[in-house]
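With the UniProt record's numbering as the guide, the letters of the sequence shown map in order to residues 1 to 253.
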Amino acid sequence: MDLNVNSKVTVNTAVKVDRLYKSFGDLKVLRGISTEVEKGQVVSVIGPSGCGKSTFLRCLNLLETPTSGHIFIDGIEITDPKTEILKVRQRVGMVFQHFNLFPHLTVLKNVTYAPMKVKKMSEPVAKALGMELLQKVGMADKADIYPSRLSGGQKQRVAIARTMAMEPDILLMDEPTSALDPEMVKEVLDVMKGLAETGITMAIVTHEMGFAREVSNRILFLDSGLLAEDSPPEQFFKNPQCERAKQFLEKML
Ligand code: ADP
Ligand code: MG
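Next up, the structure:
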């Protein structure tokens with residue numbers, strides 16, 4: 001019986017973060033964050049500007065090297081120096097505020113590039129997958145055009161399809177709608193909501209409180225590099241436990 005319970009805990013944990021510290025020179029940005037995210041959970045990471053949200057997310061796929069602490073993805077320690085960073089990045093996909101599409105590649109080639117290059121997927125297979133994903137984000141009709149001709153919302157939807165083409169187990173998104181004109185925010189949030197419903201594990205840094213409340217299972221509130229609160233959205237938005245979260249919400253809502 002006990003064995004079963006234990007193995008269940010391990011199997012269901014997608015991300016485990018254990019006393020994560022990150023400094024840039026003298027600047028202590030993350031100051032001991034510990035948390036776990038279960039498979040299929042959608043976690044919104046919120047907090048004041050400069051509190052370490054991006055740094056936290058970037059540590060989860062080793063875009064930043066933690067100063068100390070341990071990060072496990074599906075039970076494998078990615079902070080172990082022996083872990084191959086490229087393998088980690090394949091499993092932990094990231095979507096950025098500024099899309100970062102390849103300007104010299106068509107929409108479809110943006111999506112098929114990494115699966116072909118990194119996963120050695122054949123072109124027909126990658127194209128079929130790419131078109132399926134573009135369909136899902138409502139961009140199939142733009143497959144053959146270049147990113148410069150797309151709106152911000154369209155670029156971000158392509159960027160999401162591109163990240164999903166690597167079939168990550170975990171999807172990280174760092175303010176995916178912050179660079180968009182207001183009228184384009186909804187189309188991207190709708191795509192994100194659709195992804196959340198597929199059961200992929202997601203961690204999203206966002207200032208979209210409505211989305212965080214409606215779609216996420218948990219809110220992680222960071223303050224000055226510490227995990228100041230970890231609550232279900234209902235509780236967080238109605239009755240935040242820490243004073244800084246209260247102040248933050250008063251400004252946001
Ligand atoms: P947030 O995303 O919550 O706004 P960040 O994680 O981007 O915060 O940044 C937290 C702090 O770390 C800020 O003071 C920022 O200036 C600093 N910082 C982030 N990245 C670097 C870096 N590569 N080098 C030096 N300082 C950095
Ligand atoms: Mg940030």
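We treat Cβ as the ideally placed atom computed from N, Cα and C, and that holds for glycine.
So, using beta-carbon positions, are residue i and residue j closer together than 8 angstroms?
i	j	result
Leu226	Ile200	no
Leu180	Gly52	no
Met202	Met164	no
Met139	Val107	yes
residue 257	Cys242	Outside the displayed span of the chain (1 to 253) sits residue 257, for which this structure offers no information.
Ser34	Ser216	no
Glu183	Thr206	no
Pro103	Ser148	yes
Phe248	Pro48	yes
Arg89	Asn61	yes
Val17	Ile71	yes
Arg218	Pro232	yes
Thr177	Glu208	yes
Run through DSSP, which three-state label would residue i get?
i	result
Tyr21	strand
Ile145	coil
Phe102	coil
Met164	helix
Arg157	helix
Ala212	helix
Ser178	coil
Leu226	strand
Gly152	helix
Gly69	strand
Val118	coil
Ser49	coil
Cys242	coil
Tyr131	According to the sequence shown, residue 131 is Met rather than Tyr. It is helical.
Met192	helix
residue 255	Only positions 1 to 253 of the chain appear in this structure, which leaves residue 255 out of reach.
Leu249	helix
Lys82	coil
Glu197	helix
Leu60	helix
Ser184	For clarity, residue 184 is Met in the given sequence; the question names Ser instead. Here Met184 sits in helix by DSSP.
Thr112	helix
Thr206	coil
Lys136	helix
Lys87	helix
Asn6	Only weak support exists for where Asn6 lies, its pLDDT of 42 falling under 50; the value from the coordinates is given anyway. Helix, per DSSP.
Can you give the beta carbon distance from residue i to residue j, rounded, assuming they're within the 8 angstroms contact cut?
i	j	result
Gly69	Leu20	4 angstroms
Leu86	Val111	19 angstroms between Cβ atoms; not a contact.
Ala245	Val42	Not a contact, Cβ separation roughly 19 angstroms.
Thr67	Ser23	5 angstroms
Val185	Ile160	Actually they do not touch by this definition, with Cβ atoms about 14 angstroms apart.
Val37	Val11	Contact flag wrong, Cβ pair sits at about 14 angstroms.
Is the number of C-beta pairs between the region 107-121 and the region 67-83 that are closer than 8 angstroms three or more?
no
The region 191-206 / the region 150-160 touching (three or more Cβ pairs under 8 angstroms):
yes
The region 89-108 in contact with the region 54-61 per 3-pair CB rule at 8 angstroms
yes
Check each residue's C-beta against every heavy atom of the ligand MG and list, in chain order, those closer than 7 angstroms.
Lys53, Ser54, Asp174, Glu175 and Val205
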